[in-house]
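Residue numbers (the working numbering), protein chains in the order written: chain A, 2 to 119; chain B, 2 to 119; chain C, 2 to 119; chain D, 2 to 119. Beta carbons: idealized from backbone N, C-alpha and C, even for Gly. Everything below concerns the one structure shown next.
Protein chains: 4
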Amino acid sequence: MQFKGEKAIYIQITEFVMEKILKDDWQADGKIPSVRDLGSELEVNPNTVMRAYDILQQQEIIYNKRGLGFFVANDAQRIISSLRKKQFIDVELPQFFNTINLLGISMEEINTYYLKQQ
Amino acid sequence: MQFKGEKAIYIQITEFVMEKILKDDWQADGKIPSVRDLGSELEVNPNTVMRAYDILQQQEIIYNKRGLGFFVANDAQRIISSLRKKQFIDVELPQFFNTINLLGISMEEINTYYLKQQ
Amino acid sequence: MQFKGEKAIYIQITEFVMEKILKDDWQADGKIPSVRDLGSELEVNPNTVMRAYDILQQQEIIYNKRGLGFFVANDAQRIISSLRKKQFIDVELPQFFNTINLLGISMEEINTYYLKQQ
Amino acid sequence: MQFKGEKAIYIQITEFVMEKILKDDWQADGKIPSVRDLGSELEVNPNTVMRAYDILQQQEIIYNKRGLGFFVANDAQRIISSLRKKQFIDVELPQFFNTINLLGISMEEINTYYLKQQ
DNA sequence: GTGGTCTAGACCACC
DNA sequence: GTGGTCTAGACCACA
Numbered sequence: 002m003q004f005k006g007e008k009a010i011y012i013q014i015t016e017f018v019m020e021k022i023l024k025d026d027w028q029a030d031g032k033i034p035s036v037r038d039l040g041s042e043l044e045v046n047p048n049t050v051m052r053a054y055d056i057l058q059q060q061e062i063i064y065n066k067r068g069l070g071f072f073v074a075n076d077a078q079r080i081i082s083s084l085r086k087k088q089f090i091d092v093e094l095p096q097f098f099n100t101i102n103l104l105g106i107s108m109e110e111i112n113t114y115y116l117k118q119q
Numbered sequence: 002m003q004f005k006g007e008k009a010i011y012i013q014i015t016e017f018v019m020e021k022i023l024k025d026d027w028q029a030d031g032k033i034p035s036v037r038d039l040g041s042e043l044e045v046n047p048n049t050v051m052r053a054y055d056i057l058q059q060q061e062i063i064y065n066k067r068g069l070g071f072f073v074a075n076d077a078q079r080i081i082s083s084l085r086k087k088q089f090i091d092v093e094l095p096q097f098f099n100t101i102n103l104l105g106i107s108m109e110e111i112n113t114y115y116l117k118q119q
Numbered sequence: 002m003q004f005k006g007e008k009a010i011y012i013q014i015t016e017f018v019m020e021k022i023l024k025d026d027w028q029a030d031g032k033i034p035s036v037r038d039l040g041s042e043l044e045v046n047p048n049t050v051m052r053a054y055d056i057l058q059q060q061e062i063i064y065n066k067r068g069l070g071f072f073v074a075n076d077a078q079r080i081i082s083s084l085r086k087k088q089f090i091d092v093e094l095p096q097f098f099n100t101i102n103l104l105g106i107s108m109e110e111i112n113t114y115y116l117k118q119q
Numbered sequence: 002m003q004f005k006g007e008k009a010i011y012i013q014i015t016e017f018v019m020e021k022i023l024k025d026d027w028q029a030d031g032k033i034p035s036v037r038d039l040g041s042e043l044e045v046n047p048n049t050v051m052r053a054y055d056i057l058q059q060q061e062i063i064y065n066k067r068g069l070g071f072f073v074a075n076d077a078q079r080i081i082s083s084l085r086k087k088q089f090i091d092v093e094l095p096q097f098f099n100t101i102n103l104l105g106i107s108m109e110e111i112n113t114y115y116l117k118q119q
């Protein structure tokens, strides 16, 4: 795993974790790696992992049992999906429509591109 | 105009200027505001405006006449459009398709949203 | 029973036990569950239950018979009540009055809320 | 300022800042101390102050202008008050009622205590 | 100058 | 063993 992109590492870790959960690599109510373990696996400071876990816990995607570690929340997949969909509908889609309007691209063209790349 | 978003202010200013040019608010070979004027209008440090003008000059969207100020390049609109279109086709569109596939959204849905927001 | 709050689990267990005693679920001189049994019921490590029993024993709310287990003290209810009442009058009530003053809430409002939740 | 209580320092700092705002020591749209300055004033690491500011920003009590610092949000006082009131009504008040019921204390008694301490 | 991120290392409570 | 907090110090982008 590489962390050289523009985004902050702790953000990339939240995405990494959500990906694991979506793919069922880490399952509901199952334990996820400790901050120390994931830190050494990803070659990152445990504090940085902690920061990612903190955010995921606020979003109720994972939860904590004292002294035992972090666990995948029961409806983690649902929360992740809805978070992503919300982000897409509210932010990315309007930007997308705005861009194609400015560039003078019609939805027909988009549909054509879509079929081509399938 | 607000500058509290995630993007750097100087980037937002380049976009602001390109917008003005595309909308013919600022026309070819016409003078654009001085860094001081635009700075005070946007409530931003002139240095920050200068940084934006610098970038636009490198892209040959505006040019400078010593002692007179900055002016819109002759083919500024063409350059902006092609820059954006290239960015859009090469980067944003594939990402967009990728995202809707991941979220399980069909092009039919996208078309529906598009009609709604018109 | 959930143990995800901020308070330490062993503290929550002492409160759980005192609750049982006050409600007469566990009666004077009656045996209370072994640390193993209560531990498995509450899905908690027996050591953690032991720590709670230790504290309750110091406060003479329960007592121990070698090889037999823990039992509810004769005047357990009285001890619990007086502990709580003292705590309440000395600490919680002044804090409570302080808070409602800060928030600008009158005792009339409090009385209204009280009637509503009955 | 002392930070010896049980609560985490960064929590105490959020409370410290909210107090300042409520008392109009720090006013709407006014700049608040930089993380470095407040850190050295409170004899605390700037990171710890940053963590507090982060939380206050999430709650939209303060906002950030890039490179300039943090500023008090326009309706910061309103947000703080409603946060506190919500916390009180939802959490503390039900606990309070629960406690007095368990201890067999009537609202009349509470009212009497209230009048006495005025 | 400002915040934002990250590391290394420490100490603590809790299980 | 686990997370939670905190410090010291570093580097970066931005204004």
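- In the three-state DSSP reduction, residue 70(C) falls in the strand class (E or B).
- The segment 11-19 of chain B makes contact with the segment 40-57 of chain B: 3 or more CB pairs, one atom from each, lie closer than 8 Å.
- Shortest Cα-Cα distance from residue 118(A) to any of 95(B), 111(B), 118(B) involves 95(B).
- Per DSSP, the unbroken alpha helix (DSSP H) holding residue 112(A) starts and ends at 108-118.
- The three-state reading of DSSP puts residue 22(B) in helix, counting H, G and I together.
- Take residue 58(A), set aside five residues on each side of it, and the residues of its chain with a beta-carbon closer than 8 Å to its own are 64, 65, 71, in chain order.
- Contact annotation for residue 89(D) against chain C: 100, 104 [CB-CB distance below 7 Å, chain order].
- Residue contact check for residue 51(B) against chain A: no CB pair falls below 7 Å.
- Straight-line spacing of the CA atoms in residue 111(B) and residue 61(B) works out to 36 Å.
- DSSP places residue 8(D) outside both helix and strand once states are collapsed to three, so it counts as coil.
- Between the beta-carbon of residue 104(A) and that of residue 86(B) there is about 6 Å, and that keeps the pair under the 8 Å contact cut.
- At a cut-off of 7 Å between beta carbons, residue 115(B) contacts chain A.
- In the three-state scheme derived from DSSP, where H, G and I count as helix and E and B as strand, residue 65(B) is classed as strand.
- Straight through space, the alpha carbons of residue 39(D) and residue 102(D) are spaced by roughly 44 Å.
- Membership of residue 50(C) in the alpha helix (DSSP H) is indicated by the continuous run 47-59.
- When the five nearest sequence neighbours on each side are left out, the beta carbons in the same chain lying within less than 6 Å of the beta carbon of residue 29(B) are those of 73, 75, in order along the chain.
- Against chain C, the beta carbon of residue 97(D) has neighbours under 8 Å at 93, 97, listed in chain order.
- Neighbourhood of residue 108(A) in chain B, by CB distance below 7 Å: 112, 115, in chain order.
- For residue 86(C), the residues of chain D that pass the 7 Å Cβ criterion are 104, in the order they occur in the chain.
- In this structure, the straight-line span from the alpha carbon of residue 81(C) to that of residue 108(D) is close to 21 Å.
- Contact of residue 58(D) with chain C by beta-carbon distance below 9 Å is absent, the smallest such distance being about 23 Å.
- Closest in C-alpha terms to residue 90(A), from the list 67(B), 97(B), 92(B), comes 97(B).
- In its chain, beyond the 5 residues on either side, 11, 14, 15, 18 have a beta carbon closer than 7 Å to the beta carbon of residue 53(C).
- Our two residues, residue 20(D) and residue 92(B), have alpha carbons roughly 48 Å apart in a direct line.
- Buried is the label assigned to residue 49(A), since at least 16 other Cβ atoms lie within 10 Å of its Cβ.
- Residue 78(B) has a beta carbon lying at 7 Å or more from every beta carbon in chain A.
- Under DSSP, residue 32(C) forms a beta bridge with 72(C).
- Inter-residue distance for residue 34(B) and residue 26(A) is about 56 Å (C-alpha atoms, whole angstroms).
- Straight across, the Cα-Cα distance linking residue 31(D) with residue 79(D) is about 16 Å.
- Within the same chain, no Cβ atom closer than 6 Å to the Cβ of residue 88(C) is found once the five residues on either side in sequence are excluded.
- In the DSSP annotation of this structure, the continuous segment of the alpha helix (DSSP H) that includes residue 97(B) starts and ends at 94-104.
- Residues of the segment 22-35 of chain C with a C-beta atom less than 8 Å from some C-beta of chain D are 23, listed in chain order.
- According to the DSSP assignment, residue 80(C) belongs to the alpha helix (DSSP H) that extends over 77-88.
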